[in-house]
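To keep things clear, I will list the structure first and then write my remarks on it.
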Amino acid sequence: MLNDTKDRLQVAERIVGVRLESPLVGAANLLKAQEGRTSKAFAMRELPFRDLVNVRGELGDPAFVAAFASVVGCPPPSTPNTVARSDQYDVLWLGPDEWLVRSLAPVQTGMLEAKLVAVLGEAYAAAVDVGSGYTVVEIEGTRARDVLSRGCPLDLHPRMFQPGQCAQSVYFKASIVLIPTGDDRFEIVVRRSFGDYFCRIMVDAAASVAP
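Numbering-wise, this note's numbering comes out as the position in the sequence shown, counting from 1, plus 77.
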């Protein structure tokens, strides 16, 4: 396990300087046009190149919790559909023994998985880098909830869904993880394979919502 971890770190270090391509490259012009609009009603942009690692483990195992916190900077949240946060990462509750760890800033190397694997050791746990398969989109504006409600079945009222929470859901046919980060601001984790579809359907929904 130790040699495997060293190999992962060495590979991550070697890819510094490699040009990264956004998962939403196919919708780049659409996003650029959307970002160029100065509207208080709705705006959308990609938050690309985040470290995204899916972690499985047992909250009842103190060794797992301590190892996780030593790398991430906070323990995984135990309350369903909540978010824990440290200086560098936030941790999204996906299930009783499953979390998604996200870097708060873009990264050039996906080293989080290797760091977690190194400290988890022989614990009954797993850490898998999923950053290449997902991206993060941020939307904001006074009509952001209205645009979301066009294709998301969740109750998005501010009293029911607010910062500090997260939820797995869908936006039309795209699976998403939805995270409110402000009164009228959300971050959305979406699969790479749905990226182009997601952007186009959201822009269509925004166009149908009056400013």
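For glycine and all other residues, C-beta sits at the position ideal for the given N, C-alpha and C.
From the DSSP output, in three-state form, read off ILE278 for me.
For the purposes of this step, residue 278 is identified with residue 201 of the sequence shown, where counting begins at 1. Here ILE278 sits in helix by DSSP.
Distance, Cα to Cα, ALA200 vs ASN131?
Position 123 of the sequence shown, counted from the first residue, corresponds to residue 200. Position 54 of the sequence shown, counted from the first residue, corresponds to residue 131. So the two alpha carbons sit approximately 16 Å from each other.
Compare the beta carbon distance of TYR211 and LEU129 with 8 Å and say whether it is the shorter of the two.
Here the question's residue 211 lines up with position 134 in the sequence shown. Here the question's residue 129 lines up with position 52 in the sequence shown. Yes, Cβ-Cβ distance for TYR211 and LEU129 is below 8 Å.
Pairwise C-alpha distance: CYS229 and PRO257
Along the sequence shown, read from residue 1 onward, the residue named residue 257 stands at position 180. Along the sequence shown, read from residue 1 onward, the residue named residue 229 stands at position 152. Rounded to whole angstroms, PRO257 to CYS229 spans 14 Å at the Cα level.
Just grab the DSSP bridge partners of ASP260 for me.
Taking the first residue of the sequence shown as position 1, residue 260 is located at position 183. ASP260 is not bridged to any residue.
For ARG179 versus VAL286, is the C-beta distance shorter than 8 Å?
One-based indexing of the sequence shown puts residue 179 at position 102. One-based indexing of the sequence shown puts residue 286 at position 209. Cβ distance not < 8 Å, so ARG179 and VAL286 don't count as in contact.
Near PRO235, what residues of its chain come up, given a Cβ to Cβ distance below 7 Å and the 5 sequence neighbours on each side ignored?
Taking the first residue of the sequence shown as position 1, residue 235 is located at position 158. Closer than 7 Å at Cβ, skipping near neighbours: ASP260.
Indicate the three-state DSSP secondary structure (helix, strand or coil) for ARG220 in the structure shown.
As a position in the sequence shown, residue 220 is number 143, starting the count at 1. ARG220 falls in the coil class under three-state DSSP.
Since I believe ALA204 is in contact with GLU190 (beta carbons under 8 Å), could you give me their beta-carbon distance rounded to a whole number of angstroms?
Within the sequence shown, the letter at position 113 stands for residue 190. Within the sequence shown, the letter at position 127 stands for residue 204. Rounded, the Cβ-Cβ distance is 5 Å, consistent with contact.
Cβ shell of PHE275 (< 6 Å), same chain only, five flanking positions each side left out:
Here residue 275 refers to the residue found at position 198 of the sequence shown. Only ALA251 and VAL267 meet the Cβ criterion.
So, is ARG222 buried or exposed, given that buried needs 16 or more other C-beta atoms within 10 angstroms?
The count along the sequence shown starts at 1 and reaches residue 222 at position 145. The residue is buried, with at least 16 neighbouring Cβ atoms inside 10 Å.
Identify every residue that forms a DSSP beta bridge with LEU177.
By 1-based counting over the sequence shown, the position of residue 177 is 100. Answer is ASN131 and LEU169, bridged to LEU177.
From TYR166 to SER155, what does the alpha carbon distance come to, in whole angstroms?
If you number the sequence shown from 1, residue 166 lands on position 89. If you number the sequence shown from 1, residue 155 lands on position 78. Going from the Cα of TYR166 to the Cα of SER155 covers about 16 Å.
Using DSSP's beta-bridge definition, name the partner residues of ARG122.
Counting from 1 along the sequence shown, the entry for residue 122 is found at position 45. According to DSSP, ARG122 bridges with GLU215.
For LEU181, which of GLY137, LEU171, GLU215 and ALA195 has the nearest alpha-carbon?
By one-based count along the sequence shown, residue 181 stands at place 104. Closest by alpha carbon: GLU215.
Cβ shell of GLN239 (< 7 Å), same chain only, five flanking positions each side left out:
Translated into positions along the sequence shown, residue 239 becomes position 162. Once the five neighbours on either side are set aside, the close Cβ partners of GLN239 are PRO257.
Residue nearest to GLY172 in terms of C-alpha spacing, selected from ILE253, SER163, ASP281 and GLN245
The sequence position of residue 172 within the sequence shown is 95, counting from 1. Nearest C-alpha to GLY172: GLN245.
Can you tell me whether PRO139 is buried or exposed? The criterion is at least 16 other CB atoms within 10 Å of its CB, across all chains shown.
Position 62 of the sequence shown, counting from 1, holds the residue named residue 139. So PRO139 counts as exposed.
State yes or no: is the C-beta of PRO152 within less than 8 Å of the C-beta of ALA161?
Taking the first residue of the sequence shown as 1, we reach residue 152 at position 75. Taking the first residue of the sequence shown as 1, we reach residue 161 at position 84. A contact, by the Cβ cut-off of 8 Å.
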